[in-house]
Every structure is written in structure tokens, then in C-alpha cells.
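Undergrad: Each residue of the sequence shown is one higher than the last, beginning at 0 in numbering that gives the first Met the number 0. All C-beta atoms, glycine included, are put in the ideal place defined by N, C-alpha and C. Before I ask anything, here is the structure I am working with.
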Amino acid sequence: MIVVRESADTTTGLTYDLTSDDGTARNVRTMCTTQRVNGVKTFVFRNARMAILMEPSCFLTDEFRCDAENTANQAVSAIKVLECFCSIVETPFAAFDGTYARAFMQFLRGTLSEGVDYRFELITRRSEGTVGAYLKHIRKYATWLHADNSPFLQSKTKLLGPTYGFQEWQPETHRLKADIVSASEAPRYISLDEYRSILRVVDGEWTIEERCIIRLMFEHGLRIGEVLGLTTEDLSWTKARDGTQRYSVILRNRASDKADQHAKMLMRVTSPEQYGTADYKRRNYGYQQVYISENLFFQIAEYAEGAFPESQDTSCSNLADCVAGGEENHYLFVNTKRRPLSSNLWNKRLRRIMTDAGVHVDKEARRTNLNHRFRHGYAMFLTHTAKKNGQPLDDFTVMTLMRHRSIASTEIYQRPTQEDVARMQEEIIGSFEGELYGNG
């Protein structure tokens with residue numbers, strides 16, 4: 000029997016001490032550091048002997064060097080747990096069968112207890128939300144390894160089924176609790192009615208700047224980092240083949256950006272020399288173009304004209320790197336001191352606006368990101384409201400408009416409230432009654 004004890008010291012990464020019946024012991028530990036190699040963010044995984052783990056290192060570098068910090072950190076955490084488990088059971092990930100996969104699922108949750116050959120004493124308990132997020136990255140890792148037979152890529156594999164040779168930890172009193180939803184639950188998205196209320200508050204008490212930011216988030220699904228990183232040279236208009244004008248904003252990262260001004264899914268820039276590279280000029284990698292309405296475009300242009308009048312000297316503290324060949328460029332949205340608007344200041348403004356509009360802001364727990372609720376609202380509008388208005392949108396179209404890389408990412412944004420579910424059920428019941436009993 001091998002006893003596996005998780006260490007409470009997390010300063011050096013995940014650590015497990017293994018002790019066998021014959022007294023032999025070994026340590027399992029996985030660490031990850033990042034460094035810049037030729038300007039590229041590189042991930043380096045090491046084990047307890049400080050040997051580099053090439054496969055996870057190359058995977059993270061290939062897939063996450065341009066992703067947002069939070070996404071990359073989540074992927075690192077997932078692979079750390081996986082590599083530790085592989086080292087404990089002395090089996091490579093690509094060789095996992097259903098038994099190992101199910102055991103790993105319990106290990107990931109922190110609920111793996113005693114089996115035939117191992118007894119686990121785990122400290123960390125992970126929620127189902129965290130487990131689901133980690134599994135997304137692990138499936139991506141299996142795809143990257145071309146492990147086509149991996150249980151994590153087989154849709155029919157029951158990963159949640161029994162684990163042969165292992166017992167799942169159970170608390171002394173384990174009861175099923177009803178999923179009680181509080182009447183004051185904050186929804187994950189801004190509804191169309193809430194959006195109209197927010198605009199009324201903005202038009203009455205705030206400026207055109209707040210209106211432009213909110214419209215970009217709700218009407219076109221921009222993330223707050225993408226909005227705050229916009230500059231005056233990112234406003235674009237072109238003439239289509241039929242002669243009509245098309246208006247858009249260009250999303251891209253700059254070396255002059257601060258942490259809260261980054262475009263999530265695009266290439267990270269550390270020096271101005273990268274502006275001339277082929278990657279920076281590649282669509283959906285170095286930049287994205289989001290087409291917006293003519294009305295919103297000219298509203299932003301009106302705001303910019305007032306914020307940066309030619310007759311008034313502009314502060315150098317608002318200068319942004321110019322990548323389009325102009326002489327001077329400025330961040331579009333600024334505070335009262337004409338410096339780039341920070342996410343902290345904007346969040347305070349938004350909380351006041353939403354409170355005045357009567358929108359639930361989850362004051363105590365603050366589990367819902369107020370800005371991201373507008374992007375969720377955009378997704379719900381595309382998939383529900385647009386269909387009701389006679390404009391059915393297929394999944395691929397919604398994915399494209401959301402600027403996602405996969406349908407799976409788009410599905411995450413389907414977050415109906417309990418009220419939405421109840422309304423859907425009532426509509427279905429009404430349809431059934433009409434069809435079956437002739438009451439329609």
C-alpha cells in the first residue's frame with residue numbers, strides 16, 4: 000500500500016509525499032515558471048527533480064502564450080494536477096484508460112480515498128465549476144497530444160462512473176440538498192429591458208462616454224479590456240463593394256497597454272518591434288475587426304472630438320503606441336484628468352449606474368462580473384431575442400459574432416435565469432396543450 004499525502008505548503012506548487020509499506024518514500028511536485036524567449040512568453044514545467052517536462056511545457060507555450068493571464072493560469076493549474084497524478088500512478092497521460100480517467104476525476108475533486116494499491120489523504124477540494132474548467136484544458140491537452148483514444152475525448156465514456164479499485168471519499172453526513180435559488184439571485188446577463196433602463200439613467204445623469212462604453216459591451220459584445228484598450232486610430236470606416244460605408248473598431252494589443260486594457264484572445268505585445276511582424280497583422284491572431292452600427296460609430300466619433308479637441312493640448316499621459324502609421328495616438332476613453340480610464344474607476348461608475356437603473360448588482364457576494372453581464376446579454380440577445388424577431392441565427396453565426404474559437408465557448412454564455420426557464424416551460428406546456436387538446 001502506498002500512502003499519498005498532499006502537502007499543505009503550496010508555496011512551491013502542488014506537492015505530494017508518497018510512503019510505501021516497505022518504508023521507501025518519494026516526493027511528487029510540479030512547478031511552472033514563465034520566461035521570455037525571443038519576445039515569446041514560454042511556459043516551463045518542472046518536476047520534483049527539477050527536470051523539465053517537455054510535453055506540458057510545449058503545450059502551454061503553443062496554446063496559451065497569447066491568451067489572457069487568467070485563462071493561462073487556469074490551464075497551468077489544470078496541467079499541474081494532471082502531471083502530479085501521472086507521476087503518482089507512474090502512468091503517462093496518453094496511456095490513460097477509463098479506470099485511470101475516473102480515478103483522476105476523483106483526484107481532481109479531492110475525493111479520492113483508498114484503493115487496492117493507494118490510500119490518498121488529500122486536502123484540496125475543488126468545486127464542480129473548477130473541475131469543469133480544468134477538464135476543458137485537459138481535453139485540449141489530449142487533442143494537442145493526438146491522443147485520439149483518450150477517455151477525455153470520448154463522448155460516451157462515463158467519467159463520472161465508478162472507479163475500480165478506489166473508493167470515493169464521503170463526509171460523515173452526506174445529504175442531497177434542494178437547489179434553492181434565492182429570489183434575489185443576480186442573473187448572469189443583462190436583459191433587453193434592463194439595458195433600456197440603464198441607457199435611460201446614462202442619458203439623464205451621465206455623459207456620452209459612459210453611453211459609448213455600455214453600447215459597445217451590450218450591442219457588440221466587447222469585453223471591458225477590449226473597450227478600455229481602444230485608441231483613436233482604432234476607429235475605422237471602409238467602403239463596401241456596393242458603395243455603402245462600413246464602420247468598425249479594431250481590437251489589438253499594444254506595448255503601451257496596461258493590464259486592464261488587453262484584448263483577451265489576441266497576441267500579447269511586449270515591444271513596439273512586434274507591430275511589424277506577420278503575426279501582429281494576422282486577422283483573429285494579431286487583431287480583430289468588429290463591425291458596429293453607423294449610429295454608434297458617429298456617437299463615439301462625437302465623443303472623441305470633444306475629448307481630444309485640436310485646439311487643446313492633450314496630455315502625454317494618455318498617449319498610446321501608434322501602429323497604423325500616424326503621428327500621434329491616444330487611448331479613447333479617459334478619466335477626468337485625461338488619463339486612460341482604469342477598470343477600477345469604471346467599475347465604480349457602472350455599479351452606480353446599474354443600481355440607479357434598478358438592476359441587481361449582487362452587492363454582498365459580488366460573484367457576477369458586472370461588465371461581463373453585458374457580453375452575456377449580447378449572447379442571449381443573439382440566440383433568443385433575434386429569433387423571436389424573425390432573424391434565426393445558427394450556432395456558427397453566433398460563434399462568429401461572439402468571436403469565439405469554438406461552439407463550446409459560445410455554449411458557456413447560455414445562462415438562463417430560473418425565471419427564463421419557467422417561462423420556457425410555460426411556453427412548451429402551452430404548445431403541448433394546444434396540440435393535444437385543441438386549446439390553441
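Identify, in the order they occur along the chain, each residue of the same chain with its Cβ nearer than 6 Å to the Cβ of E272, setting aside the five sequence neighbours on each side.
TA: none
Undergrad: Do Y330 and N317 have their CB atoms nearer than 8 Å?
TA: Contact flag set, yes.
Undergrad: Secondary structure at E113, three-state DSSP: helix, strand or coil?
TA: Of the three classes helix, strand and coil, the one that applies to E113 here is strand, per DSSP.
Undergrad: If we ignore side chains and look at the alpha-carbon of each, how far apart do D256 and V226 end up?
TA: Going by the C-alpha atoms only, they are around 12 Å apart.
Undergrad: Count Cβ pairs between the segment 238-248 and the segment 320-330 that sit closer than 8 Å; are there 3 or more?
TA: no
Undergrad: Go through its chain and collect everything with a Cβ distance to V322's Cβ below 6 Å, but skip five positions before and after it.
TA: Y274
Undergrad: Assuming Y246 contacts E293 under a Cβ cut-off of 8 Å, what Cβ separation, rounded to an integer in Å, is found between them?
TA: Correct: roughly 6 Å between the Cβ atoms.
Undergrad: Give the single residue among F95, R199, R25 and E208 whose Cα lies nearest to the Cα of T335.
TA: E208
Undergrad: For L152, is the classification buried or exposed, using 16 other Cβ atoms within 10 angstroms of its Cβ as the cut-off for buried?
TA: exposed
Undergrad: Can you tell me whether R338 is buried or exposed? The criterion is at least 16 other CB atoms within 10 Å of its CB, across all chains shown.
TA: R338 is exposed by the Cβ-count criterion.
Undergrad: Is it buried or exposed for F297, if we count other Cβ within 10 angstroms and need 16 for buried?
TA: exposed
Undergrad: Where do the ends of the alpha helix (DSSP H) carrying W236 lie?
TA: Here W236 belongs to no alpha helix (DSSP H); instead the beta strand (DSSP E) covers L234 to K238.
Undergrad: For the beta strand (DSSP E) containing D16, list its first residue and its last residue.
TA: Run containing D16: L13 to S19, per the beta strand (DSSP E) assignment.
Undergrad: With DSSP collapsed to three states, give me the class of I122.
TA: coil
Undergrad: DSSP on V75, reduced to helix/strand/coil?
TA: Per DSSP, reduced to three states, the secondary structure at V75 is helical.
Undergrad: Going along the chain, which residues of its own chain have a beta-carbon closer than 6 Å to the beta-carbon of S56, five neighbours each way excluded?
TA: F42, V43 and F44
Undergrad: So is G305 buried or exposed if we call it buried at 16+ other beta carbons inside 10 Å?
TA: exposed
Undergrad: Under the DSSP definition of a beta bridge, which residues are partnered with M266?
TA: M266 is not bridged to any residue.
Undergrad: Excluding the 5 residues flanking V201 on each side, which residues of the same chain have their C-beta closer than 8 Å to its C-beta?
TA: E209, R210, I213 and I352
Undergrad: Could you tell me whether the Cβ atoms of G220 and L400 are closer together than 8 Å?
TA: yes
Undergrad: To the nearest angstrom, how far is it from the Cα of V39 to the Cα of D192?
TA: 45 Å
Undergrad: Would you mind sorting N370 into buried or exposed? The rule is 16 or more other CB atoms within 10 Å of its CB.
TA: buried
Undergrad: Measuring CA to CA, which of T243, E204, R195 and L265 is closest to G228?
TA: Minimum Cα distance to G228 is reached at L265.
Undergrad: Is it right to say V75 is buried, meaning 16 or more other beta carbons lie within 10 angstroms of its own, or is it exposed?
TA: buried
Undergrad: Helix, strand or coil: which one does DSSP assign to L318?
TA: strand
Undergrad: On a CA-only basis, which of R4, T396, K139 and R251 is nearest E113? Give me that one, please.
TA: R4
Undergrad: Among T129, T18 and T29, which residue has its Cα nearest to the Cα of C83?
TA: T29
Undergrad: Grouping DSSP H, G and I as helix and E and B as strand, with all else coil, what is H173?
TA: Any reading at H173 is ruled out, since the residue's pLDDT is 27, under 50, leaving its predicted position unreliable.
Undergrad: Please return the same chain residues whose Cβ sits closer than 7 Å to the Cβ of S86, not counting the five positions on each side in sequence.
TA: V27 and N46
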